[in-house]
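Structure first, then comments.
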Amino acid sequence: MTESQYARVAHELADVVILGAGPAGLVLGNLLLRDGVDCVVLERAGRDHIQNRPRAGFLAPNTARILERNGLDGGLRRRGQEHGVCEFRTEDGRFRLDYRQLGRGEPHTVYPQHELVTDLLAQFLDAGGRIRFDTEAVAVSDADGPTPSVTVRDVDGRPARWRARYVAACDGRHGAGRRSLPPGAVRHHHRDHGVSWLGLLAEAPPSIDAVGYAIHPGGFAGHMARSAEITRYYLQCRRGTRPDTWSEDRLWDELDLRMRAAEYGPLLRGPLVQRAVVDLESDVLEPLRHGSLFLVGDAAALISPSAAKGANLAVLEAEILGQALIDALVHGDTEPLARYSERCLTHIWRAQEFSHWMIRLLHGASDAEGASLFRDRLRHSRIASLRTSRTQQDWFAENYVGI
Numbered sequence: 102m103t104e105s106q107y108a109r110v111a112h113e114l115a116d117v118v119i120l121g122a123g124p125a126g127l128v129l130g131n132l133l134l135r136d137g138v139d140c141v142v143l144e145r146a147g148r149d150h151i152q153n154r155p156r157a158g159f160l161a162p163n164t165a166r167i168l169e170r171n172g173l174d175g176g177l178r179r180r181g182q183e184h185g186v187c188e189f190r191t192e193d194g195r196f197r198l199d200y201r202q203l204g205r206g207e208p209h210t211v212y213p214q215h216e217l218v219t220d221l222l223a224q225f226l227d228a229g230g231r232i233r234f235d236t237e238a239v240a241v242s243d244a245d246g247p248t249p250s251v252t253v254r255d256v257d258g259r260p261a262r263w264r265a266r267y268v269a270a271c272d273g274r275h276g277a278g279r280r281s282l283p284p285g286a287v288r289h290h291h292r293d294h295g296v297s298w299l300g301l302l303a304e305a306p307p308s309i310d311a312v313g314y315a316i317h318p319g320g321f322a323g324h325m326a327r328s329a330e331i332t333r334y335y336l337q338c339r340r341g342t343r344p345d346t347w348s349e350d351r352l353w354d355e356l357d358l359r360m361r362a363a364e365y366g367p368l369l370r371g372p373l374v375q376r377a378v379v380d381l382e383s384d385v386l387e388p389l390r391h392g393s394l395f396l397v398g399d400a401a402a403l404i405s406p407s408a409a410k411g412a413n414l415a416v417l418e419a420e421i422l423g424q425a426l427i428d429a430l431v432h433g434d435t436e437p438l439a440r441y442s443e444r445c446l447t448h449i450w451r452a453q454e455f456s457h458w459m460i461r462l463l464h465g466a467s468d469a470e471g472a473s474l475f476r477d478r479l480r481h482s483r484i485a486s487l488r489t490s491r492t493q494q495d496w497f498a499e500n501y502v503g504i
């Protein structure tokens with residue numbers, strides 16, 4: 102459909118149009134609705150999909166505090182599980198860090214992201230919030246003017262247009278928010294770490310009572326509990342690997358090898374219900390605003406999964422933006438909106454730095470870099486310091502849970 106055809110479609114109105122019904126969009130929607138700000142959430146997927154798609158499940162202490170102080174932590178309080186131990190397995194043996202007792206003495210809370218989304222969605226709808234499922238945002242227009250608009254189409258291709266005072270792009274790195282930025286509006290910082298992971302979701306109980314990081318000559322392997330019945334595993338793989346390349350038996354055998362199951366105990370096996378290859382990349386846009394369009398979550402910055410920061414940053418940014426929009430629309434104070442980008446980028450770059458450190462800790466030289474004895478020796482030194490130095494352990498703990 103052409104732009105002129107969209108122009109003939111009747112406009113729908115909201116003070117704030119939110120693109121995307123993930124944690125960022127739904128936290129933002131709940132905050133705005135609570136303070137009487139007229140908003141709508143536009144989500145390209147259906148309700149069942151967003152409530153069942155598996156995602157990360159480690160919530161930082163600050164994320165739990167944000168949910169608590171905004172009355173969004175009901176499910177988290179009932180079903181979230183405190184977690185504070187990680188275990189490293191290397192050629193020199195294994196060691197455990199109880200990071201609850203290190204740094205600032207704070208744990209993570211394990212709470213699957215789809216359950217958090219389900220909680221936030223129910224609270225939003227119960228409070229009378231407006232959400233349009235199966236509605237794809239096509240483009241954001243006139244963001245540099247007083248009334249930006251969002252062109253959308255529903256699952257049957259029918260067009261619509263929303264007009265707003267502000268648009269919050271919580272729709273990821275490939276969403277309409279990013280796509281609609283004019284050339285030169287922002288600076289784009291990008292880094293490809295040259296490392297790929299095969300992410301596996303197993304219908305199997307956790308095999309160890311910790312987040313497991315295995316550093317092995319064959320590549321990194323990771324173990325992360327999601328629930329009493331579901332475990333996330335990661336296997337480092339060559340760039341370009343297809344998710345279906347290996348059989349289930351071969352994948353479990355490789356996990357056994359890299360996790361050193363022969364030395365430390367077998368892994369509890371079960372069906373592998375999801376596979377996906379993740380290329381470890383990082384990027385940041387600066388600033389996180391173009392006129393009345395604000396970038397939140399993965400639309401603002403992409404961070405590698407090596408340190409479980411993505412969803413936590415998204416919730417933090419949603420709270421900062423939510424309060425700034427309330428200040429602007431309810432109290433007439435636009436200064437917090439002017440500082441939104443600067444405030445968020447401080448947290449984003451801190452998280453990026455730690456994520457980069459973790460990548461260097463867990464992996465040898467990438468395929469593109471080739472074998473590097475120097476890099477391997479540096480990694481060995483990092484691991485030795487983490488194993489033996491209380492100062493290094495305190496630094497790790499503070500940054501591991503912090504955003």
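Under the working numbering, think of the first position of the sequence shown as 102, with each following residue one higher. The beta carbon of each residue, even a glycine, is placed where N, CA and C say it ideally should be.
* On the premise that Q152 lies in contact with L222, defined as a C-beta separation below 8 Å, what is that separation, rounded to the nearest angstrom? -> 7 Å
* To do: Look at the alpha carbon of E188 and the alpha carbon of L160, and state the distance between them as a whole number of angstroms.
  => 18 Å
* Asked: Beta-carbon separation of A322 and L299 under 7 Å?
  -> no
* beta strand (DSSP E) runs contained entirely in the segment 175-226, provided each spans 3 or more residues -> You should have 182-184, 186-191, 194-199, 209-211.
* Of all the CB atoms in chain C, is at least one closer than 7 Å to the CB of L414? -> The structure shown contains no chain C; it is built from a single protein chain.
* Every unbroken beta strand (DSSP E) inside the segment 389-448 [3 residues or more] -> 394-396
* Asked: Just curious, the alpha helix (DSSP H) that G130 is in, first and last residue?
  -> For G130, the uninterrupted alpha helix (DSSP H) run begins and ends at 124-135, by DSSP.
* **Candidates P437, A419, H432: closest to A425 by CA position** => P437
* Answer yes if the segment 387-397 comes into contact with the segment 439-446, meaning at least three C-beta pairs across the two stretches below 8 Å, and no otherwise. => yes
* With a Cβ-Cβ cutoff of 7 Å, do A238 and V256 count as a contact? -> no
* Cβ neighbour criterion (16 or more within 10 Å) applied to T210 -> buried
* Asked: Is P249 buried or exposed, if buried means 16 or more other CB atoms sit within 10 Å of its CB?
  -> buried
* To do: Over the uninterrupted beta strand (DSSP E) stretch that includes E387, give me the two end residues.
  => 373-387
* Asked: How about L177 and Y212: do their beta carbons lie closer than 7 Å?
  -> Yes, the pair counts as a contact, with Cβ atoms nearer than the cut-off.
* Run through the segment 247-283 for me and flag every whole alpha helix (DSSP H) of 4 or more residues, listed as ranges in chain order. => Within the segment 247-283, the complete alpha helix (DSSP H) runs of at least 4 residues are 277-280.
* To do: Give every residue of the same chain whose Cβ lies closer than 7 Å to the Cβ of E304, excluding the five residues on either side of it in the sequence, and list them in chain order.
  => E330, I331, G371, P372, V374
* Asked: Given F455, which residues of its chain have a CB within under 6 Å of its CB, disregarding the five upstream and five downstream residues?
  -> A408, N500
* To do: For T332, name the three-state secondary structure that DSSP assigns.
  => strand
* Based on Cα-Cα distance, which residue from R262, A240, G172 lies nearest to P283? -> A240
* Beta bridge counterpart(s) of M325 as assigned by DSSP -> R333
* Asked: Where does the unbroken beta strand (DSSP E) through H291 begin, and where does it stop?
  -> Per DSSP, H291 belongs to the beta strand (DSSP E) from 288-303.
* Would you call the segment 485-495 and the segment 182-198 in contact, with 3 or more CB pairs under 8 Å? -> yes
* **E454 (DSSP reduced to helix, strand or coil)** => It is helical.
* **Backbone CA spacing between R259 and C140 [nearest angstrom]** => 21 Å
* Asked: Can you name the start and end residues of the alpha helix (DSSP H) that E349 belongs to?
  -> 349-359
* Asked: Closest to T431 by CA distance: which of A377, R266, L168 is it?
  -> Correcting the residue type first, residue 431 is Val in the shown sequence and not Thr. Cα-wise, what sits closest to V431 is R266.
* **7 Å Cβ cutoff met for V312 and L381** => no
* Asked: Is L143 helix, strand or coil when you go by DSSP?
  -> DSSP places L143 in strand when its eight states are reduced to three.
* **Cβ distance (whole Å) where E144 is taken to contact W263 below 8 Å** => The pair is not a contact, with the Cβ atoms about 13 Å apart (cut-off 8 Å).
* **Separation of R154 from G229, as counted between CA atoms** => If I take the Cα positions, the gap works out to 24 Å.
* **Option nearest L446 by Cα separation, candidates F395, H324, W353** => F395
* Excluding the 5 residues preceding and the 5 following R254 in the sequence, name in chain order all residues of the same chain whose CB lies nearer than 7 Å to its CB. => E237, V239, P260
* Is E364 buried or exposed, if buried means 16 or more other CB atoms sit within 10 Å of its CB? -> exposed
* How long is the line joining the alpha carbons of R180 and L358, rounded to whole angstroms? -> 33 Å
* To do: For T103, collect the residues of the same chain with a Cβ closer than 7 Å to its Cβ; drop the 5 residues on either side in sequence, then sort them by chain order.
  => For T103, the pLDDT reaches just 43, beneath the cut-off of 50, and the residue's location in the model is therefore unreliable, although a value from the coordinates is still provided. Cβ within range, chain order: n/a, list empty.
* Asked: How would you label H324, buried or exposed, when you count the other beta carbons within 10 angstroms and need 16 or more for buried?
  -> buried
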